[in-house]
Amino acid sequence: MPTENSRQIPRISLHDWDNRKNEIQKEIMNAAENVGFFIIKDQDSPSKADIEEAFRISESFFRLPEDVKSRTPFIREQNTGWEKRAQIRPSTNLPDQKESIQLQYHRRYDPTWPVVDDHIPDFHKTISGFIEKTQTVSMRILSCLAIGLGLEEDYFTKIHDIRSNEAMTTLRLLHYHENETRAIPDGHIRAGAHTDYDFLTLLFQRTGEDGLEVCPGRECYTSFGMSDVWTPVKANTGEIVCNIGDMLMSLSDDRLKSLFHRVRNPRTGESQKARHSIAFFNQPIRSAVIQGPLKKYPPITARDFILDAARRNYAQGEKEREDAIKSSKFQYPDNIRPGIIVSANA
């Protein structure tokens, strides 16, 4: 049976970046190499107020009627749009208990962004600005990792242009459903154990909305970490939880570690209310070539890396997963039939 402990995830302050850059760089590299997860705090931007405003907009979106949200459907080929209980994890063969919308900055004026001006007049402005600010802090973190890997400081910045038509970096607004009025059977959790396919994930959480757990260090031995020791990551508004993705692990010749994480259901005595989070998945432009300095793995484009990762993780095929849902005794209260998402970000 999975267990948990109180191991500490490194907490790194970005305060006084200009004067402390060398010190911060060493702390980030040490955390990325030896733990795989770390928490950023005291960043100038996005500020706590910026983050709170982004959560306000996100919550407003998820409160909209489903016929409004569904006007921006999930498009697998673009990894954009709204879904509800449609992401099935290989670790569970069951759908995550959530809904989300995925947005890419360079598409902000096309139909992959919701048209909700009548409901949320500042949606576009707030979320676009939040992406810009998160991109800035992401590039600071990635510059630290580039230096640590012996690359040019701007090596990763050059291949993470969110304005490019080849961009794949994605912001994901997430709403995990409340458990106060819904019966959740065994096996269904808010988000099954997984690693991310991307370079670097930045996750924003809200105080009081816990549930994120990670397998830190290099101690994950069992499939999807299911029987390993899990560490809770406390949710604090204003902080940014960072984790290394599969693509950066490959480019670092496995020096940096992509680790399993999940969002468990609230336990008895814990808040059963909804959980909101915001994830920023840093992904290189499609044509960027992924290969480490030691050339441990053959070169591959970022686009093909994502596709290959999806195929590996979903090797059993979509039909088998649909059969698993059909055989479930659980009846969804809203009669939603879970679909299949092979997301660029697990």
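Each number in our numbering corresponds to the 1-based position in the sequence shown with 75 added.
C-beta: ideal position from N, C-alpha, C; glycine also.
- May I ask you to list the residues that DSSP assigns as paired with residue 323? Residue mapping note: residue 323 aligns to position 248 of the sequence shown, counting from 1. Residue pairing by DSSP places residue 323 in no beta bridge whatsoever.
- Task: Mind checking who residue 354 pairs with in its DSSP beta bridge?
- Result: For the purposes of this step, residue 354 is taken as the residue at position 279 of the sequence shown. Residue 354 has 247 and 278 as its beta-bridge partners, per DSSP.
- Query: What residues are listed by DSSP as bridge partners for residue 307?
  - Reply: As a working mapping, residue 307 is identified with position 232 in the sequence shown. Residue pairing by DSSP puts residue 307 in a beta bridge opposite 288.
- Can you list, in chain order, the residues of its chain whose CB lies under 6 Å from that of residue 101, leaving out five sequence neighbours each side? Sequence index remark: in the sequence shown, residue 101 carries index 26 (1-based). None.
- Message: Tell me the rounded alpha-carbon separation between residue 279 and residue 236.
- Response: Locating residue 279 in the sequence shown gives position 204, where the first residue counts as 1. Locating residue 236 in the sequence shown gives position 161, where the first residue counts as 1. Take the alpha-carbon of residue 279 and the one of residue 236: they are about 21 Å apart.
- Task: Determine, using beta-carbon pairs with one atom in the stretch 173–192 and one in the stretch 147–158, whether at least three such pairs fall under 8 Å.
- Result: They touch, by the three-pair rule.
- Message: So for residue 337, helix, strand or coil by DSSP?
- Response: Taking the sequence shown and counting its residues from 1, the one referred to as residue 337 is at position 262. If DSSP states are grouped into helix, strand and coil, residue 337 belongs with the strands.
- Item | Residue burial classification, residue 144 (beta-carbon count within 10 angstroms, cutoff 16) | Translated into positions along the sequence shown, residue 144 becomes position 69. Counting the other Cβ atoms within 10 Å of the Cβ of residue 144 gives 16 or more, which makes it buried.
- Task: Using alpha carbons as the reference points, say which of 320, 386 and 242 lies closest to residue 183.
- Result: In the sequence shown, the residue the question calls residue 183 occupies position 108. Distance from the Cα of residue 183 is smallest, within the candidate group 320, 386 and 242, for 242.
- Task: Assuming residue 361 contacts residue 108 (C-beta within less than 8 Å), just tell me the rounded distance between them.
- Result: Here residue 361 corresponds to residue number 286 of the sequence shown, with the count starting at 1. Here residue 108 corresponds to residue number 33 of the sequence shown, with the count starting at 1. Not confirmed; about 28 Å, so no contact.
- Message: Check whether the stretch 189–205 and the stretch 307–315 touch, using three or more Cβ-Cβ pairs below 8 Å as the test.
- Response: No, the stretch 189–205 is not in contact with the stretch 307–315.
- Query: So which of 273, 336, 323 and 318 has the shortest CA-CA distance to residue 286?
  - Reply: Indexing the sequence shown from 1 puts residue 286 at position 211. In this structure, 336 is the residue among 273, 336, 323 and 318 with its C-alpha nearest to the C-alpha of residue 286.
- Can you name the residues that DSSP bridges to residue 155? Working through the sequence shown from its first residue, we reach residue 155 at position 80. As a beta-bridge residue in DSSP terms, residue 155 pairs with 150.
- Under the DSSP definition of a beta bridge, which residues are partnered with residue 318? Reading the sequence shown from its first residue, position 243 is the one you call residue 318. Under the DSSP definition of a beta bridge, residue 318 partners with 112 and 276.
- residue 383 versus residue 272: straight-line alpha-carbon distance, rounded: Residue mapping note: residue 383 aligns to position 308 of the sequence shown, counting from 1. Residue mapping note: residue 272 aligns to position 197 of the sequence shown, counting from 1. Each residue's alpha carbon lies about 10 Å from the other.
- Cα-Cα separation, residue 189 to residue 381: Residue 189 sits at position 114 when you count from the first residue of the sequence shown. Residue 381 sits at position 306 when you count from the first residue of the sequence shown. Rounded to whole angstroms, residue 189 and residue 381 show a C-alpha spacing of 25 Å.
- Does the Cβ-Cβ distance between residue 349 and residue 276 come in under 8 Å? Numbered from 1 along the sequence shown, position 274 holds the residue referred to as residue 349. Numbered from 1 along the sequence shown, position 201 holds the residue referred to as residue 276. No; because the gap between Cβ atoms is not below 8 Å, this pair is not in contact.
- Check residue 87 in the structure and name its three-state DSSP category. Position 12 of the sequence shown holds residue 87. Three-state result, residue 87: strand.
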